[in-house]
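> One structure, as structure tokens, below. Some questions next.
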Amino acid sequence: MVIDGYMLKDTTDLIKVYDTLRDIKEKIHKISEREYYKFLGKEVAFLADKVVLGQIKKDMPIIDAAVSNVNRYITTAGAKGETTRYNLRVFVNILVYNGDTYLNVICANKALLGAFRPLEDISVSEEECADMQNKKTRLWQKLHSMFDNQPTINCDLSADILKTVEEIDRKKIKYPDVKERIHSQAVESVFNSKLSMLAHGETVNPLRLYSYIEEIFEELTTEDTRTLIRQKEKNLHMLIDFNKDDSALFVVGKEKGYDTDSNQTEQKP
């Protein structure tokens, strides 16, 4: 068990607590928006690379598809309470005890905890939770035992950062480095090839998938496989560096879409 917790020392004044939470919520909004643009850049690069490599068909502009996908990932992760970075929901349980106010924070994307940084951090790691002599562990056990059967004050500090294509600020998009993308595509190609061989060209049995993955990861460290990956990287020069120029993603009008010199893709109005 891991507890993300913070303390407002020497205050139980709820007005001060709410003022603090209001400031924290503004910071959460900024962090959430940064995360959104990271997700968007990653999704754009993924879709564009797959189109160039002929692995998927582009039936709408890349940026439109990426925005739609990221919005769906975030909405679904939040609604289902998934423990992934796409879950940007932040909830706080407010506990008042012995003249201090404690905030038990519940969030899946740990980058959002940066919004609480000015406060005293009394979080407990899994290792600390197992140590019954740990001071912070004993404190949280005390708090939870006191408030288990009592109503507590709960706050939703989540930010609404979903956007339409028209609302996207292209200057804020964080694209993965093109060299990293090339390497990832090369590794993925080798990985899929070896996975197909292990499954003898048949559908992979879910019960065997993990053992196959372990075996493939071991092979990825061999010199022969590393050489094969480097060879495949040389054939991926057509992937575009969007950090240098992403203008093809934001063309206005009938030509809106994404083309490459080497692989003309279908255009939609």
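Quick note on the numbering used here: the sequence shown kicks off at 23 and runs consecutively.
Virtual Cβ for every residue (Gly too), placed ideally from N, Cα, C.
What you are looking at is a predicted structure, and each value in this text was computed from that prediction instead of being measured.
(1) Measuring alpha carbon to alpha carbon, tell me which of LYS266, ILE251 and TYR40 ends up nearest VAL114.
(2) Let me confirm a value: TYR280 is counted as buried when at least 16 other C-beta atoms fall within 10 Å, else exposed. Which label applies?
(3) Compare the C-beta of SER206 against all C-beta atoms of chain D and say whether one is closer than 9 Å.
(4) Under the DSSP definition of a beta bridge, which residues are partnered with PHE113?
(5) Looking at the structure shown, is ASP35 part of a helix, part of a strand, or coil, going by DSSP?
(6) Using a 10 Å radius around the Cβ and a threshold of 16 neighbouring Cβ atoms, would you call VAL24 buried or exposed?
(7) So, LYS193 versus ARG56, is the Cβ gap smaller than 9 Å?
(8) Pull up the DSSP beta-bridge partners for GLU142, would you.
(9) LEU242 to VAL209, Cα distance in whole Å?
(10) Which word fits LYS278, buried or exposed, when buried means at least 16 other C-beta atoms lie within 10 angstroms of its C-beta?
(11) Between the C-alpha atoms of LEU250 and ILE204, what's the straight-line distance to the nearest angstrom?
(12) Could you check which residue in ALA137, LEU69 and ASP182 has the C-alpha nearest to that of PHE264?
(13) Would you mind reading off the limits of the alpha helix (DSSP H) that contains ILE195?
(14) Could you tell me whether the Cβ atoms of ILE190 and ILE37 are closer together than 9 Å?
(15) Could you tell me the boundaries of the alpha helix (DSSP H) in which GLN163 lies?
(16) In chain order, what residues of the same chain lie with their CB nearer than 7 Å to the CB of ASP45, ignoring the 5 residues before and after it?
(17) Give the DSSP-derived three-state secondary structure of ASP267 in the structure shown.
(18) Checking 9 Å against the spacing of the C-beta atoms, do SER90 and ILE183 come in under that value?
(19) Taking three-plus beta-carbon pairs below 8 Å as touching, is the segment 103–111 in contact with the segment 123–135?
(20) Quick one: give me the first and last residue of the alpha helix (DSSP H) that GLU148 is part of.
(21) To the nearest angstrom, how far is it from the Cα of GLN253 to the Cα of LYS185?
(22) Can you tell which of ASP81, GLU202, VAL226 and TYR119 has the C-alpha that lies nearest to the C-alpha of SER167?
(23) Measure the alpha-carbon distance for GLY76 versus LYS216 and round it to whole angstroms.
(24) With DSSP collapsed to three states, give me the class of TYR40.
(25) Please classify ASN227 as buried or exposed, where buried requires at least 16 neighbouring CB atoms within 10 angstroms.
(26) Can you check which of these residues, VAL187, THR123, CYS177 and GLY136, is closest to TRP162 by C-alpha distance?
(27) Residues in its own chain within less than 7 Å of SER18 by CB, not counting five upstream and five downstream?
(28) Straight-line CA distance for THR105 to LEU134?
If we stick to the structure as given:
(1) For the residues LYS266, ILE251 and TYR40, the minimum Cα distance to VAL114 belongs to TYR40.
(2) Confidence at TYR280 is low in this model, with a pLDDT of 47, below 50, so the placement of that residue is unreliable and no value is reported for it.
(3) Reference to chain D is not applicable here, since this structure consists of a single protein chain.
(4) ILE128 and ASP178, per the DSSP bridge assignment.
(5) Note: ASP35 maps to coil in three-state DSSP.
(6) By the 10 Å Cβ count, VAL24 comes out exposed.
(7) It is not a contact, given that the beta carbons lie outside the stated cut-off.
(8) According to DSSP, which records beta bridges pairwise, GLU142 is partnered with MET29.
(9) About 8 Å.
(10) Here the model assigns LYS278 a pLDDT of 46, short of 50, so the residue's position is not dependable and the matter cannot be decided.
(11) Each residue's Cα considered, the two are about 13 Å apart.
(12) Of the listed residues, the one whose Cα sits closest to PHE264 is LEU69.
(13) From DSSP, ILE195 is part of no alpha helix (DSSP H); its letter is neither H nor E.
(14) With a cutoff of 9 Å on beta-carbon distance, ILE190 and ILE37 are scored as not near each other.
(15) Membership of GLN163 in the alpha helix (DSSP H) is indicated by the continuous run 157–169.
(16) Hits under 7 Å: none found.
(17) In the structure shown, ASP267 sits in coil (DSSP, three-state: anything other than H, G, I, E or B).
(18) Contact: no.
(19) Taking a cut-off of 8 Å on C-beta distances, the segment 103–111 touches the segment 123–135, as three or more cross pairs fall below it.
(20) Start and end: 148–151.
(21) Here the alpha carbons of LYS185 and GLN253 stand approximately 40 Å from one another.
(22) Ranking ASP81, GLU202, VAL226 and TYR119 by Cα distance to SER167 puts TYR119 first.
(23) Using only the alpha carbons, I get a separation of about 20 Å.
(24) Per DSSP, reduced to three states, the secondary structure at TYR40 is helical.
(25) It counts as exposed.
(26) When each option's Cα is compared against that of TRP162, the closest is THR123.
(27) This structure cannot speak to residue 18, because the chain is shown only from 23 to 291.
(28) The C-alpha of LEU134 is placed about 13 Å away from the C-alpha of THR105.
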